[in-house]
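S.K.:
There are 4 protein chains.
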Amino acid sequence: MKERKKESILMASLRLFSRNGFHNTTIPIIAKEMKMSVGNIYNYFPSKNNLAKCAIKFAASILASTLRKINDKDLTSKEKIHEFTKAYYDIIEISPEIIEYFLRVYLSNRSLFDDEKDGGFALASEFVDEVKRLIDDGVKKRELREQNFFVSFSVFIGTLGGMTFLNGENVLEKKPIHYANEVSETIYRALKA
Amino acid sequence: MKERKKESILMASLRLFSRNGFHNTTIPIIAKEMKMSVGNIYNYFPSKNNLAKCAIKFAASILASTLRKINDKDLTSKEKIHEFTKAYYDIIEISPEIIEYFLRVYLSNRSLFDDEKDGGFALASEFVDEVKRLIDDGVKKRELREQNFFVSFSVFIGTLGGMTFLNGENVLEKKPIHYANEVSETIYRALKA
Amino acid sequence: MKERKKESILMASLRLFSRNGFHNTTIPIIAKEMKMSVGNIYNYFPSKNNLAKCAIKFAASILASTLRKINDKDLTSKEKIHEFTKAYYDIIEISPEIIEYFLRVYLSNRSLFDDEKDGGFALASEFVDEVKRLIDDGVKKRELREQNFFVSFSVFIGTLGGMTFLNGENVLEKKPIHYANEVSETIYRALKA
Amino acid sequence: MKERKKESILMASLRLFSRNGFHNTTIPIIAKEMKMSVGNIYNYFPSKNNLAKCAIKFAASILASTLRKINDKDLTSKEKIHEFTKAYYDIIEISPEIIEYFLRVYLSNRSLFDDEKDGGFALASEFVDEVKRLIDDGVKKRELREQNFFVSFSVFIGTLGGMTFLNGENVLEKKPIHYANEVSETIYRALKA
DNA sequence: TATGAATGAGGCTTCATTCAT
DNA sequence: TATGAATGAAGCCTCATTCAT
Numbered sequence: 363m364k365e366r367k368k369e370s371i372l373m374a375s376l377r378l379f380s381r382n383g384f385h386n387t388t389i390p391i392i393a394k395e396m397k398m399s400v401g402n403i404y405n406y407f408p409s410k411n412n413l414a415k416c417a418i419k420f421a422a423s424i425l426a427s428t429l430r431k432i433n434d435k436d437l438t439s440k441e442k443i444h445e446f447t448k449a450y451y452d453i454i455e456i457s458p459e460i461i462e463y464f465l466r467v468y469l470s471n472r473s474l475f476d477d478e479k480d481g482g483f484a485l486a487s488e489f490v491d492e493v494k495r496l497i498d499d500g501v502k503k504r505e506l507r508e509q510n511f512f513v514s515f516s517v518f519i520g521t522l523g524g525m526t527f528l529n530g531e532n533v534l535e536k537k538p539i540h541y542a543n544e545v546s547e548t549i550y551r552a553l554k555a
Numbered sequence: 363m364k365e366r367k368k369e370s371i372l373m374a375s376l377r378l379f380s381r382n383g384f385h386n387t388t389i390p391i392i393a394k395e396m397k398m399s400v401g402n403i404y405n406y407f408p409s410k411n412n413l414a415k416c417a418i419k420f421a422a423s424i425l426a427s428t429l430r431k432i433n434d435k436d437l438t439s440k441e442k443i444h445e446f447t448k449a450y451y452d453i454i455e456i457s458p459e460i461i462e463y464f465l466r467v468y469l470s471n472r473s474l475f476d477d478e479k480d481g482g483f484a485l486a487s488e489f490v491d492e493v494k495r496l497i498d499d500g501v502k503k504r505e506l507r508e509q510n511f512f513v514s515f516s517v518f519i520g521t522l523g524g525m526t527f528l529n530g531e532n533v534l535e536k537k538p539i540h541y542a543n544e545v546s547e548t549i550y551r552a553l554k555a
Numbered sequence: 363m364k365e366r367k368k369e370s371i372l373m374a375s376l377r378l379f380s381r382n383g384f385h386n387t388t389i390p391i392i393a394k395e396m397k398m399s400v401g402n403i404y405n406y407f408p409s410k411n412n413l414a415k416c417a418i419k420f421a422a423s424i425l426a427s428t429l430r431k432i433n434d435k436d437l438t439s440k441e442k443i444h445e446f447t448k449a450y451y452d453i454i455e456i457s458p459e460i461i462e463y464f465l466r467v468y469l470s471n472r473s474l475f476d477d478e479k480d481g482g483f484a485l486a487s488e489f490v491d492e493v494k495r496l497i498d499d500g501v502k503k504r505e506l507r508e509q510n511f512f513v514s515f516s517v518f519i520g521t522l523g524g525m526t527f528l529n530g531e532n533v534l535e536k537k538p539i540h541y542a543n544e545v546s547e548t549i550y551r552a553l554k555a
Numbered sequence: 363m364k365e366r367k368k369e370s371i372l373m374a375s376l377r378l379f380s381r382n383g384f385h386n387t388t389i390p391i392i393a394k395e396m397k398m399s400v401g402n403i404y405n406y407f408p409s410k411n412n413l414a415k416c417a418i419k420f421a422a423s424i425l426a427s428t429l430r431k432i433n434d435k436d437l438t439s440k441e442k443i444h445e446f447t448k449a450y451y452d453i454i455e456i457s458p459e460i461i462e463y464f465l466r467v468y469l470s471n472r473s474l475f476d477d478e479k480d481g482g483f484a485l486a487s488e489f490v491d492e493v494k495r496l497i498d499d500g501v502k503k504r505e506l507r508e509q510n511f512f513v514s515f516s517v518f519i520g521t522l523g524g525m526t527f528l529n530g531e532n533v534l535e536k537k538p539i540h541y542a543n544e545v546s547e548t549i550y551r552a553l554k555a
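Protein chains in written order, with this note's numbering: chain A, 363 to 555; chain B, 363 to 555; chain C, 363 to 555; chain D, 363 to 555.
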């Protein structure tokens, strides 16, 4: 009931924020999209900032659970990287807002999260932890090189983010999913033992 | 002199925009930082949007010229990647705003550049072109793998951007430059033939 | 209720615009006069320009309906001119802003209406059409001379406007209505067959 | 020298004010038109308001002297009205700004002239006096009807102003001068004994 | 006289948030 | 819970005017 509606507001906000940016998305716009009144939004979220924070957690948890499922499978690191890359591109295809939200809102509005511990980085920690698990496992199995985690994290997620950005800029000739193999192969090469 | 002042406004704006984002940086804030009056800013730039656009060109041309100098040297691709990574981290050390600006403003406020051709992608083209040259040369010399340029671009720049982001989030234990070797090695592995 | 408030804003704006001109009447002034907040004005009219346009239509339709009622009566042209002149001076007495608005805003700020078809002339067309009807009828009945409509229009409305202007300048010794007979007689002589 | 330059600033201002309105004409625009610096304008006129006031006097004196020359001739009132109407339309043809200034600036910015005696009406008095002379002479010669001067003034000037406005609105099919005969005839009929 | 960079008040407009219903 | 009119602070931008040169 209430929780359900809260989630649907979150989805709508995520979509609007990621498409148009945080500052270009007003509460009235969200209300209109939800066919609710402006005031009623505030019965579910105490502020626009809070909405943005919840959206980050929401998006991160979707990415995290996607990755968790793959981590839980019995696959080689190469396969995991490949599967996650594909899953990532599926998300881009179906719900690009989940990814774009990080690029459009999280990156550029750090001040929103200033009062959070870690300056808000922790909001995404569920996801980051899962990436760490993938890599640590790979290292343990000697499939991936041992190196500073954040370097590995950057290649992995930075590359995917880069492609997402280029897709958003409409400079890619084909749909993102088409590049999945090449991308995952490249990431794997970067990380392999 | 007028050109000098224009450039110093540009630097200040770049710094503020990159630190706090476009929308959280007001013209009064820029004016205060510059110890100028609000109105006087407008004698140098016709609008806040225009200021942001000029800042992109400015930042892109610094990155491009850094990379161009390296491209012009007689080095292997591996060395070039390494040199650029080091140069990149030097910039992060000295003028992090130049890099962060891309992350915090350019990536995230596409609508600012909507009226630009290519939706503003061209603003960074000077830099993108130089990356392309590095990779194409490497491919020609059989040092780098031939693959879709945008994939290579994403690994290269996405990885560097990822590290910049993590640095901005204060999750790195050491200064970015410390990771330069590991990062450039990783990028090279991703791209090598 | 919303429509009612909209109209009362329109009346207040009309009054202020006509008294002080468009540019000397600020939104805060209108808000103060209405005892509303500045922002709330914008819940009723999307811009100050739009307010001015709506005011023109509003004023023109009042003038038009006044004249239409007279046109609909079975009167000689001379009587019609006389009745309209009297009605006009009644309006000046009770709501001078309706007339003065044309003088002080419409005539003088054409650029406000540049994006309107006919450069905004159409905004007043309801009224102009009614004047045309009065004159055409008079010509048909051989009571008025046949001549270019715009010349007739100028004598008719220009004369009334002239008196309104002089009244606004406080150079008339008596109230405008006092001159109604003399004015209507003069207009009639100008137009009669 | 100085007086000459002052007059040329006045001409330029008159042109710009009448074309674009008082508030849309900035001092920098006037300076650019004059190929002078902004500051230098202030060596000739102490304020923009003062410039507007001087422009009114300037324009009124041109109209007054035009009318004076006609008044000084030995003509019937009908001929005088006709000559002035023609002269008026000549002015509209050659320097419409002189007339339009009254419509665009004087009418709509009364507050500019609030500190003037008569609320600024006196600024145009040279011209008004000349109109009075034309009419008084006509009355004395029994060619024109004796009636309240301001009524006569309104028909005379209001009609001409009406035509000017319609011309500015581009609703006239032909050039204003073409209507001169019809207009002067109509004015004469309105005023004749 | 002449320049034009600089000032700063003030205008229009937006929008997160509140609150009476 | 739900509504949406109302508030008011704050942002962008303009421009008359000044002043150091």
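Virtual Cβ for every residue (Gly too), placed ideally from N, Cα, C.
Rounded C-beta distance between ILE418/B and LEU528/B? I'm assuming under 8 Å.
M.R.: About 23 Å separates the two Cβ atoms, so there is no contact after all.
S.K.: What is the C-beta distance between ALA422/C and PHE489/C, in whole angstroms, given that I count them as a contact (C-beta under 8 Å)?
M.R.: With 8 Å as the limit, ALA422/C and PHE489/C qualify as a contact, their Cβ atoms being about 5 Å apart.
S.K.: Apart from the five residues just before and just after LEU534/C, which ones in its own chain have a Cβ nearer than 6 Å to its Cβ?
M.R.: Hits under 6 Å: LEU528.
S.K.: Count the CB pairs spanning the stretch 442-451 of chain C and the stretch 535-550 of chain C that are closer than 8 Å, and state whether there are at least three.
M.R.: Short answer: they touch.
S.K.: What do you reckon, are the CB atoms on ILE371/D and TYR406/D nearer than 8 Å?
M.R.: Going by C-beta atoms, ILE371/D is nearer than 8 Å to TYR406/D.
S.K.: Given ASN433/C, which residues of its chain have a CB within under 8 Å of its CB, disregarding the five upstream and five downstream residues?
M.R.: Excluding positions up to five away in sequence, the list reads LYS442, GLU492, ARG495, LEU496, ASP499.
S.K.: Please report whether the beta-carbon of ILE519/B lies at a distance below 8 Å from any beta-carbon of chain A.
M.R.: Closer than 8 Å to some Cβ of chain A, the Cβ of ILE519/B qualifies, so yes.
S.K.: Let me see if you follow: with CB-CB separation under 8 Å, is LEU429/A close to chain B or not?
M.R.: No, no contact with chain B.
S.K.: Rounded to the nearest angstrom, what separates LYS554/B and HIS444/A at their Cα positions?
M.R.: Looking at the two C-alpha atoms, the distance is approximately 19 Å.
S.K.: Would you tell me roughly how many angstroms separate the C-alpha atoms of SER546/D and LYS440/D, rounded to the nearest one?
M.R.: One C-alpha to the other measures close to 8 Å.
S.K.: Of the choices SER487/B, GLY481/B, ILE424/B, PHE475/B, whose alpha-carbon is the least far from that of ILE456/B?
M.R.: Cα-wise, what sits closest to ILE456/B is ILE424/B.
S.K.: Within 8 Å, do at least three Cβ pairs link the stretch 372-381 of chain C to the stretch 506-526 of chain B?
M.R.: No: fewer than three Cβ pairs fall under 8 Å.
S.K.: In the DSSP assignment, find the unbroken alpha helix (DSSP H) run with VAL513/D in it and report its ends.
M.R.: Looking at the DSSP string, the run of the alpha helix (DSSP H) that includes VAL513/D is 511-515.
S.K.: According to the Cβ coordinates, are PRO408/D and VAL400/D closer than 8 Å?
M.R.: For PRO408/D and VAL400/D, no; Cβs fall outside 8 Å.
S.K.: When you compare only the Cα positions, how much space is there between ASP480/C and LEU474/C?
M.R.: Taking the straight line joining both Cα atoms gives about 12 Å.
S.K.: Looking only at its own chain, which residues have a Cβ that is under 8 Å from the Cβ of GLY383/A, when we skip the five neighbours before and after it?
M.R.: Within the same chain, GLY383/A has close Cβ partners ARG466, VAL467, SER470.
S.K.: Under 8 Å, Cβ to Cβ, is there at least one residue of chain D near GLY383/C?
M.R.: By this cut-off, GLY383/C is an interface position.
S.K.: DSSP on LEU506/A, reduced to helix/strand/coil?
M.R.: Strand.
S.K.: List, in chain order, every chain C residue whose beta-carbon is nearer than 8 Å to that of LEU413/D.
M.R.: None at all; the shortest Cβ gap to chain C is about 16 Å.
S.K.: Tell me LYS554/C's beta-bridge partners as DSSP assigns them.
M.R.: The partner list for LYS554/C (beta bridge, DSSP) reads LEU506/C.
S.K.: Do you know whose CA, among ALA414/B, ALA393/B, ILE549/B, lies nearest GLU478/B's CA?
M.R.: For GLU478/B, the nearest C-alpha among the options comes from ALA414/B.
S.K.: What distance in whole Å lies between the Cβ atoms of THR521/B and THR521/A, which are believed to be in contact at a cut-off of 8 Å?
M.R.: Confirmed, Cβ separation roughly 7 Å.
S.K.: Which one of HIS385/B, ASN412/B, LYS367/B has the shortest CA to CA distance from LYS397/B?
M.R.: Considering only alpha carbons, the answer is LYS367/B.
S.K.: Please identify the residue among LYS537/D, ASN386/D, PHE446/D whose C-alpha is closest to the C-alpha of LEU429/D.
M.R.: Checked all of LYS537/D, ASN386/D, PHE446/D; the closest Cα to LEU429/D is PHE446/D.
S.K.: Quick check on SER427/A: buried or exposed, where buried means 16 or more other Cβ atoms within 10 Å of its Cβ?
M.R.: The residue in question, SER427/A, is exposed, as its Cβ has fewer than 16 Cβ neighbours within 10 Å.
S.K.: Measure from the alpha carbon of HIS385/B to the alpha carbon of each residue in ARG472/A, LYS536/A, ARG507/A, PHE511/A, then state which is nearest.
M.R.: The shortest C-alpha separation from HIS385/B is found at ARG472/A.
S.K.: Taking buried to mean at least 16 other C-beta atoms within 10 Å of its own C-beta, is GLU369/A buried or exposed?
M.R.: GLU369/A is exposed by the Cβ-count criterion.
S.K.: Counting along the chain, where does the alpha helix (DSSP H) carrying ARG366/B start and finish?
M.R.: Taken as a continuous stretch (DSSP letters only), the alpha helix (DSSP H) holding ARG366/B covers 364-382.
S.K.: Let me make sure I understand the geometry here. Which of GLU505/A, ASN402/A, SER380/A has the alpha-carbon closest to that of LYS364/A?
M.R.: When only C-alpha atoms are compared, the closest one is ASN402/A.
S.K.: Might you give, ordered along the chain, the residues of its own chain that have their beta carbon closer than 8 Å to the beta carbon of ILE454/B, omitting 5 neighbours on each side?
M.R.: Counting only Cβ-Cβ distances below 8 Å, and skipping sequence neighbours, we find ILE461, THR526, ASN529, PRO538, ILE539.
S.K.: Quick check: is the beta carbon of SER399/A nearer than 8 Å to any beta carbon in chain B?
M.R.: For SER399/A, the answer is no, since every Cβ of chain B falls outside 8 Å of its Cβ.
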